[in-house]
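Chemist: Per the numbering used here, the sequence shown starts with residue 48, numbered consecutively.
All C-beta atoms, glycine included, are put in the ideal place defined by N, C-alpha and C.
As the structure is a computational prediction, the values presented were derived from the model and not from experiment.
Take this structure first; my questions come after.
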Amino acid sequence: MNQNDDSRNLGGVAFLPLIVFLALYIGCGLAFTLLGIPKPFSFLPRHVALLAGTLVAFMLWKKGPIDEKLKVFCTGMGDSGVMMIVLIYLLAGGFQGAAAAIGGKTSVVNFCLQFVPPSFLIPGVFLMCCFISTAIGTSMGTIAAMAPVAIGVAQGAGLNAAAVCAAVICGSYFGDNLSMISDTTIAAAEGCGSKMKDKFRMNFAIALPAALVSLVLFYLVSGQVQGGIQVGDYNLLQVLPYVVVLVLALMGINVALVLFGGILLTGCIGLLQGTVDIFGWAKGLGDGMADMFSISMVAILVSGIIGLVRYYGGVEWLVGKITGWIHGRKGAEYGIGLLSGLLSAAMVNNTIAIIVTCPIAKVIGKKYDIAPKRLASLVDIFACSFLCVMPHDGGMLIVTQLAGTSPLDVMKYCYYVYALLIAACVTIQLGTHEGK
């Protein structure tokens with residue numbers, strides 16, 4: 048590739064493919080929502096909107112050889128991280144389908160309703176996801192483990208599915224942002240030159256008030272939907288696969304292995320109890336995996352487009368623009384947060400966004416006397432918060448697919464993300480005694 052051709056540095060135009068995708072997908076969804084049509088986001092499939100964005104990506108920089116663009120695009124699509132996410136999608140869908148086939152979904156719903164009042168289910172999901180994600184250090188692993196259980200309970204209990212999806216996502220990103228073993232925390236602390244414990248304390252002081260506010264709001268949402276829910280029978284053996292998946296995920300075992308083990312366990316239990324034969328179990332497994340084909344294509348195509356955005360110089364342009372707007376300490380902190388957040392949203396990867404932002408944040412922090420732990424906290428908070436509510440983020444894709452709801456419905460209930468950003472902005476405006 049000709050790495051030194053300045054004509055391919057397209058600046059902000061490089062983001063046009065993503066803008067086209069979001070405009071088509073969200074625009075059509077909003078239009079059908081305003082018209083009062085049911086399932087408004089189902090008319091234009093996400094992968095079709097992405098195909099239009101892909102076409103735009105290839106049309107940019109007309110001087111560029113098509114073979115070179117294809118190579119960049121395919122390299123992005125085949126990124127190992129993306130392939131792992133696709134594998135998790137398929138396994139999560141397969142687990143949900145296999146568990147439902149043996150009667151596990153009904154049993155876990157009735158089991159939860161037997162012991163937890165409906166008004167505590169949604170805040171309980173949020174708390175569980177906070178705990179699990181902090182323990183295992185990954186939002187995607189938490190979402191993959193918790194989403195099938197939480198959404199199954201929500202659907203069985205007649206709860207607000209979008210609010211439950213938001214509770215899963217918000218709780219999962221709570222730990223992704225705070226956990227000492229999270230890749231984002233490690234990248235932020237190491238990249239900004241902060242000690243892990245110092246970054247945690249600074250970050251936790253901002254995150255805790257946001258989490259408490261979110262708990263109250265999730266409780267109020269639960270209260271609006273509680274009613275006469277009939278609790279049926281449950282079979283503890285059928286609940287076991289869900290418990291095993293959650294416990295193994297909490298132990299830090301690779302989530303792909305955990306889900307694969309959970310799938311095998313559903314088959315063993317179903318055959319042992321006689322609730323399903325081998326072909327019925329296989330059909331449930333296959334149907335669950337098939338439900339994930341669409342979002343798998345979305346993840347792959349988005350990654351390919353991001354590769355072309357970087358190839359066209361879009362990331363470098365965004366970095367240059369934001370750093371050029373910074374004046375004063377407050378502006379520096381806002382600029383660092385905004386840079387990290389926008390890069391995270393644009394590249395659909397908060398870890399890479401943090402890695403790109405940290406060297407710039409260190410230079411700016413030194414100029415305006417901002418402590419490394421403060422820099423690390425801001426970079427991590429904004430990267431996780433912006434990514435959390437992106438309609439094309441992996442976590443959002445998986446919960447909306449499982450629940451059959453739209454990203455806009457889920458975004459309305461992402462209280463923790465908004466509260467966290469507000470808390471971070473308050474500390475920027477008022478300052479902190481540990482800021483320097």
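Quick one: is Arg25 buried, meaning 16 or more other Cβ sit within 10 Å of its Cβ, or exposed?
Modeler: The first residue shown for the chain is 48 and the last is 483, placing residue 25 beyond what the model contains.
Chemist: In chain order, what residues of the same chain have a beta carbon less than 6 Å from the beta carbon of Thr189, not counting five sequence neighbours either side?
Modeler: Along the sequence shown, read from residue 1 onward, the residue named residue 189 stands at position 142. Sequence-distant partners of Thr189 (beyond 5 residues in either direction) whose C-beta falls short of 6 Å from its own C-beta, in its chain, are Cys176, Ile179, Ser180, Ser219.
Chemist: Can you look up Lys152 in the DSSP assignment and give me helix, strand or coil?
Modeler: One-based indexing of the sequence shown puts residue 152 at position 105. Three-state result, Lys152: helix.
Chemist: Tell me which same chain residues have a C-beta within less than 6 Å of the C-beta of Leu134, skipping the five on either side of it?
Modeler: Position 87 of the sequence shown, counted from the first residue, corresponds to residue 134. Cβ neighbours of Leu134 beyond the five flanking positions: Ala303.
Chemist: Extract the residue ranges of the alpha helix (DSSP H) inside the segment 192-277, only unbroken runs of 4 or more that lie entirely within it.
Modeler: 208-225, 230-239, 243-272
Chemist: Between which two residues does the alpha helix (DSSP H) carrying Ser432 extend?
Modeler: Counted from its first residue, the sequence shown places residue 432 at position 385. Looking at the DSSP string, the run of the alpha helix (DSSP H) that includes Ser432 is 419-435.
Chemist: Taking the Cβ atom as the reference point for each residue, do Leu306 and Phe142 lie within a distance shorter than 8 Å?
Modeler: By 1-based counting over the sequence shown, the position of residue 306 is 259. By 1-based counting over the sequence shown, the position of residue 142 is 95. Yes. Within cutoff.
Chemist: DSSP state of Gly478, grouped into three classes?
Modeler: The count along the sequence shown starts at 1 and reaches residue 478 at position 431. Of the three classes helix, strand and coil, the one that applies to Gly478 here is coil, per DSSP.
Chemist: Between Ala191, Ala204, Ser186, which lies nearest to Ile169 when the distance is taken from Cα to Cα?
Modeler: Along the sequence shown, one-based indexing puts residue 169 at 122. Among Ala191, Ala204, Ser186, the Cα nearest to that of Ile169 is on Ala204.
Chemist: Apply the 10 Å Cβ neighbour rule to Gly371 and answer buried if 16 or more other Cβ atoms are within range, or exposed otherwise.
Modeler: Translated into the one-based positions of the sequence shown, residue 371 becomes position 324. By the neighbour-count rule (16 or more Cβ atoms within 10 Å), Gly371 is not buried but exposed.
Chemist: Out of Ala236, Ala139, Val286, Ser432, which has the shortest C-alpha to C-alpha gap to Ala450?
Modeler: Working through the sequence shown from its first residue, we reach residue 450 at position 403. Nearest option by C-alpha distance: Ala139.
Chemist: Determine the contact status of Leu57 and Gly351, defining contact as a CB-CB distance below 8 Å.
Modeler: Within the sequence shown, the letter at position 10 stands for residue 57. Within the sequence shown, the letter at position 304 stands for residue 351. Going by C-beta atoms, Leu57 is not nearer than 8 Å to Gly351.
Chemist: Between which two residues does the alpha helix (DSSP H) containing Asn397 stretch?
Modeler: In the sequence shown, the residue the question calls residue 397 occupies position 350. Where Asn397 is concerned, the enclosing alpha helix (DSSP H) stretches over 397-415.
Chemist: Does DSSP put Lys109 in a helix, a strand or coil?
Modeler: Numbered from 1 along the sequence shown, position 62 holds the residue referred to as residue 109. Three-state DSSP puts Lys109 in coil, outside helix and strand.
Chemist: When burial is assigned at 16 or more other CB atoms within 10 Å of the CB, is Phe158 buried or exposed?
Modeler: On the sequence shown, position 111 is the one that residue 158 refers to. Counting Cβ neighbours within 10 Å, Phe158 comes out buried, since at least 16 surround it.
Chemist: Are there 16 or more other CB atoms within 10 angstroms of the CB of Ser127, so buried, or fewer, so exposed?
Modeler: Residue mapping note: residue 127 aligns to position 80 of the sequence shown, counting from 1. With fewer than 16 Cβ atoms within 10 Å of its Cβ, Ser127 is classed as exposed.
Chemist: With a threshold of 8 Å, are at least 3 pairs of Cβ atoms found where one atom belongs to the segment 426-440 and the other to the segment 322-334?
Modeler: No, the segment 426-440 does not touch the segment 322-334.
Chemist: With Arg506 as the anchor, note down where its alpha helix (DSSP H) starts and where it stops.
Modeler: In the structure as shown, the chain starts at 48 and stops at 483, and residue 506 therefore has no counterpart that could be examined.
Chemist: How many whole angstroms separate the CB atoms of Leu434 and Ser391, which I take to be in contact at a CB cut-off of 8 Å?
Modeler: In the sequence shown, the residue the question calls residue 434 occupies position 387. In the sequence shown, the residue the question calls residue 391 occupies position 344. So it is a contact: roughly 4 Å between Cβ atoms.
Chemist: Can you name, in chain order, every residue of its own chain whose Cβ lies under 6 Å from the Cβ of Gln448, other than the five neighbours on each side?
Modeler: Position 401 of the sequence shown, counted from the first residue, corresponds to residue 448. For Gln448, where only same-chain residues beyond five positions count, the Cβ hits under 6 Å are Ile342.
Chemist: Which of the three DSSP states, helix, strand or coil, is assigned to Leu63?
Modeler: Residue 63 sits at position 16 when you count from the first residue of the sequence shown. If DSSP states are grouped into helix, strand and coil, Leu63 belongs with the helices.
Chemist: Quick one: grab the DSSP three-state call for Pro85.
Modeler: As a first step, residue 85 is located in the sequence shown; it is residue number 38 there, counting from the start. Coil.
Chemist: In whole angstroms, what is the alpha-carbon distance linking Tyr72 and Leu262?
Modeler: Indexing the sequence shown from 1 puts residue 72 at position 25. Indexing the sequence shown from 1 puts residue 262 at position 215. So the alpha carbons of these two residues sit roughly 31 Å apart.
Chemist: Going by the CB atoms, is the gap between Ser387 and Phe340 shorter than 8 Å?
Modeler: If you number the sequence shown from 1, residue 340 lands on position 293. If you number the sequence shown from 1, residue 387 lands on position 340. It is not a contact, given that the beta carbons lie outside the stated cut-off.
Chemist: Helix, strand or coil: how does DSSP classify Pro438 here?
Modeler: Counted from its first residue, the sequence shown places residue 438 at position 391. Note: Pro438 maps to coil in three-state DSSP.
Chemist: Can you list, in chain order, the residues of its chain with a C-beta nearer than 6 Å to that of Phe88? Leave out the 5 residues immediately preceding and following it.
Modeler: For the purposes of this step, residue 88 is taken as the residue at position 41 of the sequence shown. Taking C-beta separations shorter than 6 Å and ignoring five residues to either side along the sequence, the partners of Phe88 in its chain run Gly76, Ser453, following chain order.
Chemist: Assuming the contact rule is C-beta atoms closer than 8 Å, Tyr460 and Ala210 should be a hit. Round their C-beta distance to whole Å, please.
Modeler: Here residue 460 is taken as the residue at index 413 of the sequence shown, counted from 1. Here residue 210 is taken as the residue at index 163 of the sequence shown, counted from 1. Going by Cβ atoms, the distance from Tyr460 to Ala210 rounds to 4 Å, so yes, they are a contact pair.
Chemist: Give the secondary structure of Val119 by DSSP, where H, G and I count as helix, E and B as strand, and everything else as coil.
Modeler: Here residue 119 refers to the residue found at position 72 when the sequence shown is read from its first residue. Three-state DSSP puts Val119 in a helix.
Chemist: Taking the alpha-carbon positions, what's the Arg376 to Leu477 distance?
Modeler: One-based indexing of the sequence shown puts residue 376 at position 329. One-based indexing of the sequence shown puts residue 477 at position 430. Their Cα atoms are separated by approximately 12 Å.
Chemist: Look at Leu487 and Ala471 and say whether their C-beta atoms are less than 8 Å apart.
Modeler: This structure cannot settle anything about residue 487, because the visible part of the chain is limited to 48 through 483.
Chemist: With three or more C-beta pairs closer than 8 Å as the rule, is the segment 409-419 touching the segment 227-247?
Modeler: yes
Chemist: Return the first residue and the last residue of the alpha helix (DSSP H) that Val302 is part of.
Modeler: In the sequence shown, residue 302 corresponds to position 255, counting from 1. Unbroken alpha helix (DSSP H) run through Val302: 302-320.
Chemist: Return the chain-ordered list of same chain residues with a C-beta closer than 7 Å to the C-beta of Val215, the five sequence neighbours on each side being excluded.
Modeler: For the purposes of this step, residue 215 is identified with residue 168 of the sequence shown, where counting begins at 1. Taken in chain order, the residues that qualify are Val172, Cys176, Ile190, Met193, Ala194, Ala197, Val446.
Chemist: On the premise that Ser154 lies in contact with Gly184, defined as a C-beta separation below 8 Å, what is that separation, rounded to the nearest angstrom?
Modeler: Numbered from 1 along the sequence shown, position 137 holds the residue referred to as residue 184. Numbered from 1 along the sequence shown, position 107 holds the residue referred to as residue 154. Not a contact, Cβ separation roughly 30 Å.
Chemist: From Leu117 to Pro64, what distance separates their C-alpha atoms?
Modeler: Walking along the sequence shown from the start, residue 117 turns up at place 70. Walking along the sequence shown from the start, residue 64 turns up at place 17. Rounded to whole angstroms, the gap between the alpha carbons of Leu117 and Pro64 is 15 Å.
Chemist: Counting along the chain, where does the alpha helix (DSSP H) carrying Asp456 start and finish?
Modeler: On the sequence shown, position 409 is the one that residue 456 refers to. Looking at the DSSP string, the run of the alpha helix (DSSP H) that includes Asp456 is 454-458.
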